[in-house]
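**Student:** Numbered by the working numbering, the letters in the sequence shown go through residues 724 to 961 in order. Cβ atoms here follow ideal geometry from the backbone N, Cα and C, with glycine treated the same way. This is the structure I have questions about; it appears just below.
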Amino acid sequence: MALLLRSCILNQRKLFMKEIITFKRTSMYYTCGNVKKFIPCLQVRHVSDKHSERNTSEREMIYNGTLTNKVRNIKMISLLSSVVSVISQPIIYMKILEEDNAISVGTLFALLNILTICSPLLIHLLTKRYVIEMYHYPNEKKYTAKLYSFLCKKREITFTPNDVIEPKTQITGSFTTCFAGGKPLLFDENCFIDPKHYKIIMNYNKPIDFEVEQLRITAINQPQDKRITMGNKNEEQK
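And the structure:
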């Protein structure tokens with residue numbers, strides 16, 4: 724008797740589990756007196772457009788400066804020499820106090836301070852406008868130029884071709900190819916990977932408007948004026 728009850732319980736449990744499993748895996752749809760079963764999709768494929776957006780917004784490298792390594796090395800050497808001179812100043816100052824000829828040592832100390840301060844600043848003034856890399860964003864139609872900061876860190880300038888102005892005088896044009904948003908930039912046409920971007924940035928692809936001055940042709944206008952004056956005189960005489 725116990726075995727029969729146990730077998731009945733197990734059979735009912737199997738049926739119950741089977742109903743749950745079938746309920747999970749199938750769905751029923753009743754229409755027009757007909758019952759239809761549908762097997763749902765258990766595996767869902769996720770579709771994302773992030774990859775396509777990333778590709779469209781990716782930047783394109785169009786320029787690589789040939790003097791990038793030299794500019795970086797010069798700036799690093801000037802900064803390191805300035806740091807070394809600043810660290811060695813207490814030692815030099817103690818030597819000044821020990822020496823009898825304080826004037827000559829003091830002059831040397833002053834020159835060392837001037838070189839310590841001026842050399843990094845002068846090198847930065849000459850190299851701060853040099854473009855080391857340039858990128859193009861096709862969708863946004865803008866450009867990004869990378870330059871070195873005073874501490875030899877990369878900084879970016881974003882601009883469009885409409886922001887570019889050529890230098891008008893020789894003073895402003897020295898060490899300057901163009902002004903992008905009022906900031907001077909120095910780059911070489913031969914370093915562009917695609918030369919067409921140089922023409923686009925410098926606005927050489929746009930039509931040139933020639934302003935023709937109005938010429939006054941006095942030789943032609945003079946006889947007409949004389950005829951008018953002669954006609955007025957004849958009318959007055961009449």
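Hey, how far is the Cα of Ala868 from the Cα of Ala903?
**Tutor:** The sequence position of residue 868 within the sequence shown is 145, counting from 1. The sequence position of residue 903 within the sequence shown is 180, counting from 1. Between Ala868 and Ala903, the C-alpha separation is close to 10 Å.
**Student:** Tell me which residue opens and which closes the beta strand (DSSP E) that Pro907 is part of.
**Tutor:** By 1-based counting over the sequence shown, the position of residue 907 is 184. Lys906 to Leu908 is the span of the beta strand (DSSP E), which, as asked, contains Pro907.
**Student:** Among Arg782, Ser805 and Lys891, whose alpha-carbon lies nearest the alpha-carbon of Leu845?
**Tutor:** Within the sequence shown, the letter at position 122 stands for residue 845. Ranking Arg782, Ser805 and Lys891 by Cα distance to Leu845 puts Ser805 first.
**Student:** Within the chosen definition, does the region 917-925 reach the region 791-801 through at least 3 CB pairs nearer than 8 Å?
**Tutor:** no
**Student:** Once the 5 residues before and after Ile916 are set aside, which same chain residues still bring their CB inside 8 Å of it?
**Tutor:** If you number the sequence shown from 1, residue 916 lands on position 193. Within the same chain, Ile916 has close Cβ partners Met784, Ile785, Tyr786 and Asn787.
**Student:** Once the 5 residues before and after Cys875 are set aside, which same chain residues still bring their CB inside 8 Å of it?
**Tutor:** Taking the sequence shown and counting its residues from 1, the one referred to as residue 875 is at position 152. Same-chain partners within the cutoff: Arg795, Lys798, Met799 and Leu802.
**Student:** Quick one: what's got a C-beta closer than 6 Å to Tyr858's C-beta in the same chain, skipping five residues either side?
**Tutor:** By 1-based counting over the sequence shown, the position of residue 858 is 135. Taken in chain order, the residues that qualify are Arg782, Met784 and Thr867.
**Student:** Just confirm the distance between the C-beta atoms of Ser808 and Leu835, as a whole number of angstroms; I'd bet it's less than 8 Å.
**Tutor:** Sequence index remark: in the sequence shown, residue 808 carries index 85 (1-based). Sequence index remark: in the sequence shown, residue 835 carries index 112 (1-based). About 6 Å separates the two Cβ atoms, so the contact holds.
**Student:** The alpha helix (DSSP H) spanning Lys922 covers which residue range?
**Tutor:** For the purposes of this step, residue 922 is identified with residue 199 of the sequence shown, where counting begins at 1. Where Lys922 is concerned, the enclosing alpha helix (DSSP H) stretches over Lys919 to Ile924.
**Student:** Below 8 Å on the Cβ atoms is my contact criterion, and I expect Ile855 with Leu870 to pass it. Report the Cβ-Cβ distance as a whole number of Å.
**Tutor:** Counting from 1 along the sequence shown, the entry for residue 855 is found at position 132. Counting from 1 along the sequence shown, the entry for residue 870 is found at position 147. Right, the Cβ-Cβ distance comes to about 6 Å (below 8 Å), so this counts as a contact.
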